[in-house]
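**Student:** Before we start, here is the structure in question, set down as structure tokens.
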Amino acid sequence: MKRRNFITKGTLGAFSALLGTEIVFGHSIPLGYRPLALQDPDPFKLFQKDSDMIVLNNKPWNIEAKAHLLDDKITPNKFMFIRNNGLIPENVDASDWSLTIDGESVQKSKTYTLAELKSKFPQYTYQLTLECGGNGRSEFNPPAKGNQWTIGAVSCASWTGIRLKDVLEDVGIKEDAVYIGYHAADVHLSRNPEKEPISRGVPIPKALQDETLLAFQMNGKDIPLAHGYPLRLIAGGWPASASGKWVNRLSIRNKVHDGAKMTGTSYRVPCEPVAPGEKVADEDMCIIESMPVKSLITYPKSGAMIKEGQSLHIRGHAWAGELEVSKMEYSIDFGATWTSCTIEKPANRLAWQHFTTKISDFPKKGYYEIWARATDSEGTSQPMLLPGWNPKGYLNNACHRIAIKVV
Amino acid sequence: MSSENEFKQQVRKLYNKLIVAFCMIGIAVFGFIYIVLNPSIFAEKPEKNALISIPNVDGEIKNGIHVATGFIDDEGLTEVIQNCTNCHSSKLVTQNRMTKEGWIATIRWMQETQNLWDLGNQQETIVNYLSTNYAPQKKGRREVLTKVEWYVLED
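Shown next as structure tokens:
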């Protein structure tokens with residue numbers, strides 16, 4: 001049985017026949033969506049991902065990379081993490097796709113077809129770093145609930161699209177506009193059509209940045225379905241949840257957007273630092289905006305054994321949300337001493353930067369850890385320990401390290 | 001027909017009517033008490049049918065792990081499969097670690113925001129299963145690197 005065919009050819013009848021049971025309330029299943037029992041057992045083929053990627057969750061799909069898989073300067077699809085909150089929309093028809101701009105603070109609500117957006121506005125391409133706000137969550141103690149991301153929920157692909165600010169200018173927004181909120185075609189896990197899996201947004205100043213795109217291409221091709229085909233909002237340097245996939249409506253709000261996962265503890269951290277495990281009231285939680293400075297050693301893969309006297313080339317990427325990385329260092333003695341690496345300028349604002357160096361001063365045989373530490377343009381560095389605990393386990397930017405043996 | 005017989009008949013009729021009336025009052029009172037004691041019988045039943053019911057519970061257990069879901073085999077396994085994996089993957093459970101209070105809070109959150117039904121008398125079994133098998137572990141501020149796969153790096 002070719003299960004993959006169900007993506008395009010699946011019908012309710014076929015499901016029912018295969019399961020030998022009627023699918024109750026089957027009419028509310030998104031067309032083409034395969035019930036769990038029929039889902040492709042091989043997500044790597046399903047999403048064209050490398051088989052070394054780690055599946056954290058298959059309902060909804062959440063897949064992350066390992067550090068050494070992120071070695072490319074521009075992240076290819078096969079190594080790009082997937083963080084979904086709901087079910088991927090099926091039977092997406094790009095030729096029939098439209099984007100509606102509405103909300104309290106829009107001059108007049110307006111709808112564009114995807115073709116109109118592509119032809120009417122100039123197109124731009126930027127490399128943009130997208131990192132899940134919960135990347136690194138698995139290290140927090142006491143543990144925070146949710147997908148237990150390690151380090152691989154980050155990517156920097158090349159995104160092509162139109163500037164959101166050009167569209168907002170064409171529509172006309174009122175002076176009292178403070179936020180935008182996106183709405184999308186994905187389906188809530190409960191399959192309740194009244195519920196949105198996620199509906200977040202960004203403040204107007206972020207929406208009006210040059211690099212904030214309504215993207216339709218990733219790495220020069222149509223965006224893969226799992227990453228938001230055919231239209232995705234991209235707000236680089238902020239929690240990737242602000243970069244809504246499958247976007248079909250944007251609301252211009254006269255208040256902070258209050259969509260799903262914008263309120264309560266979602267993508268929020270305590271406004272004031274708290275002790276590990278402390279309960280924090282919703283009103284004392286503040287929305288995460290720019291992501292903190294961070295870096296990743298992508299070569300070599302952890303566990304490398306080298307001969308005594310052999311030097312070790314390392315390389316990786318560093319990023320700092322809205323800021324730039326100004327300094328990159330490594331340590332082979334658990335942070336007792338630090339040595340500078342070469343760090344490149346970003347390809348464009350909000351792109352990650354590449355660092356490289358050669359380490360040839362291992363004093364003797366034995367076990368070493370290579371620690372990497374980035375410093376942003378405001379002088380803030382990554383912590384070696386876990387940063388401030390928070391209830392949902394966001395913003396872990398602790399230094400990355402790999403294990404090395406000199407034998 | 002004598003008036004005596006007529007009187008007897010009337011008394012009998014009245015007696016029958018009284019018996020019927022008492023019976024009806026008795027049933028009504030019993031019914032009322034039953035409803036007062038069991039207010040849930042008129043409450044709307046949770047719409048479990050609104051979900052796709054797929055009998056995905058393949059019972060194979062290997063090395064103490066339920067193969068189809070990855071759950072640890074323990075008391076409450078069936079209840080957890082039935083109540084948790086309809087909406088989300090078992091992986092969302094098995095990768096988490098929470099205390100009893102934490103698991104209860106998560107269940108409450110799912111009930112308030114994610115359409116999870118009332119778990120009724122299965123809740124205790126489920127919470128016990130989760131807080132026993134998926135409890136927090138002690139960790140330092142930074143754990144040592146483990147599971148390193150050593151390989152020879154050619155230069």
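First to last, the sequence lines map onto chains A and B. When the letters of the first sequence are read in order and numbered with full-length UniProt numbering, they come out as residues 1 to 407. When the letters of the second sequence are read in order and numbered with full-length UniProt numbering, they come out as residues 1 to 155. Built from N, CA and C at the ideal position, the CB exists for glycine as well.
Going straight from the alpha carbon of F79/A to that of G220/A, what length do you get?
**Tutor:** 16 angstroms
**Student:** According to DSSP, which residues form a beta bridge with Y134/B?
**Tutor:** In DSSP, Y134/B forms no bridge with anything.
**Student:** Any beta carbon of chain B sitting closer than 8 angstroms to that of E289/A?
**Tutor:** no
**Student:** So with Cβ pairs under 8 angstroms, would you call D118/B a contact of chain A?
**Tutor:** Look at D118/B: its C-beta is not under 8 angstroms from any C-beta on chain A.
**Student:** Curious, which full-length alpha helix (DSSP H) runs of at least 4 residues does the region 70-122 of chain B contain?
**Tutor:** Correct list: 77-84, 91-94 and 100-113.
**Student:** Below 8 angstroms between beta carbons: does that hold for A157/A and I74/A?
**Tutor:** yes
**Student:** On the three-pair Cβ rule with 8 angstroms, is the region 121-139 of chain B touching the region 282-290 of chain A?
**Tutor:** no
**Student:** For the region 142-155 of chain B, which residues have a CB atom closer than 8 angstroms to at least one CB atom of chain A, in sequence order?
**Tutor:** R142, E143, L145, V148, E149, W150, Y151, V152, L153 and D155
**Student:** Who pairs with K358/A in a beta bridge, going by DSSP?
**Tutor:** H313/A
**Student:** Please report the distance separating the alpha-carbon of E322/A from that of M291/A.
**Tutor:** 7 angstroms
**Student:** Considering just the uninterrupted stretch of the alpha helix (DSSP H) at S119/A, what are its terminal residues?
**Tutor:** L114 to K120 is the extent of the alpha helix (DSSP H) around S119/A.
**Student:** Does DSSP put I29/A in a helix, in a strand, or in coil?
**Tutor:** Model confidence at I29/A stands at a pLDDT of 46, short of 50, so the residue's coordinates are unreliable; what they give is reported in the following sentence. Coil.
**Student:** Do you know offhand how far L231/A's Cα is from E90/A's?
**Tutor:** The straight-line gap from Cα to Cα measures roughly 14 angstroms.
**Student:** For the region 67-87 of chain B, which residues have a CB atom closer than 7 angstroms to at least one CB atom of chain A, in sequence order?
**Tutor:** C87
**Student:** So which of K45/A, H313/A, Y367/A and G133/A has the shortest CA-CA distance to P391/A?
**Tutor:** G133/A
**Student:** How should L386/A be labelled, buried or exposed, when 16 other C-beta atoms within 10 angstroms of its C-beta is the threshold for buried?
**Tutor:** L386/A sits buried, since 16 or more C-beta atoms from the chains shown fall within 10 Å of its C-beta.
**Student:** Measure the CB-CB distance between H317/A and Q353/A and report whether it falls below 8 angstroms.
**Tutor:** yes
**Student:** Using CA atoms only, rank isn't needed, just tell me which of F81/A, S199/A, M328/A and P300/A is closest to A372/A.
**Tutor:** Distance from the Cα of A372/A is smallest, within the candidate group F81/A, S199/A, M328/A and P300/A, for M328/A.
**Student:** With a cut-off of 8 angstroms on the beta carbons, I'd call Y126/A and W159/A a contact; round off their distance for me.
**Tutor:** 6 angstroms
**Student:** So with CB distances below 8 angstroms, who are the chain B contacts of S155/A?
**Tutor:** Within 8 angstroms Cβ-Cβ: nothing; S155/A doesn't reach chain B, min ~21 angstroms.
**Student:** Give me the chain A residues within the contact set of K139/B, using Cβ-Cβ distance strictly less than 7 angstroms, ordered along the chain.
**Tutor:** Near K139/B (Cβ distances below 7 angstroms), the residues of chain A are N141.
**Student:** In this structure, how does DSSP classify A226/A when only helix, strand and coil are distinguished?
**Tutor:** helix
**Student:** Using the C-alpha atoms, what's the distance from V93/B back to R137/A?
**Tutor:** 15 angstroms
**Student:** What did DSSP end up calling K294/A once you bin it into helix, strand or coil?
**Tutor:** strand
**Student:** Do the region 199-216 of chain A and the region 162-174 of chain A meet, that is, are 3 or more Cβ pairs less than 8 angstroms apart?
**Tutor:** yes
**Student:** Where does G136/A sit, in a helix, a strand or coil, going by DSSP?
**Tutor:** coil
**Student:** Please state if the CB of I297/A and the CB of residue 408/A are separated by a distance shorter than 8 angstroms.
**Tutor:** For residue 408/A there is no data in the structure shown, the boundaries of chain A being 1 and 407.
**Student:** Just to make sure I have the definition right: I need the residues of chain A whose C-beta is within less than 9 angstroms of the C-beta of R12/B. Which are they?
**Tutor:** Result: empty, since nearest Cβ-Cβ is about 57 angstroms, beyond 9 angstroms.
**Student:** Quick one: using the 10 Å Cβ neighbour count with 16 as the cut-off for buried, is H313/A buried or exposed?
**Tutor:** exposed
**Student:** Going along chain A in order, which residues have a C-beta closer than 7 angstroms to the C-beta of S131/B?
**Tutor:** Those do not exist, as S131/B stays about 13 angstroms from chain A at its closest Cβ, beyond 7 angstroms.
**Student:** Give me the residue from H188/A, R83/A and T111/A with the minimum Cα distance to N147/A.
**Tutor:** R83/A
**Student:** Listed in chain order, which residues of the region 296-316 of chain A have Cβ atoms closer than 9 angstroms to some Cβ of chain B?
**Tutor:** So the close ones are P300, K301, S302, G303, A304, M305, I306, K307, Q310, S311, L312 and H313.
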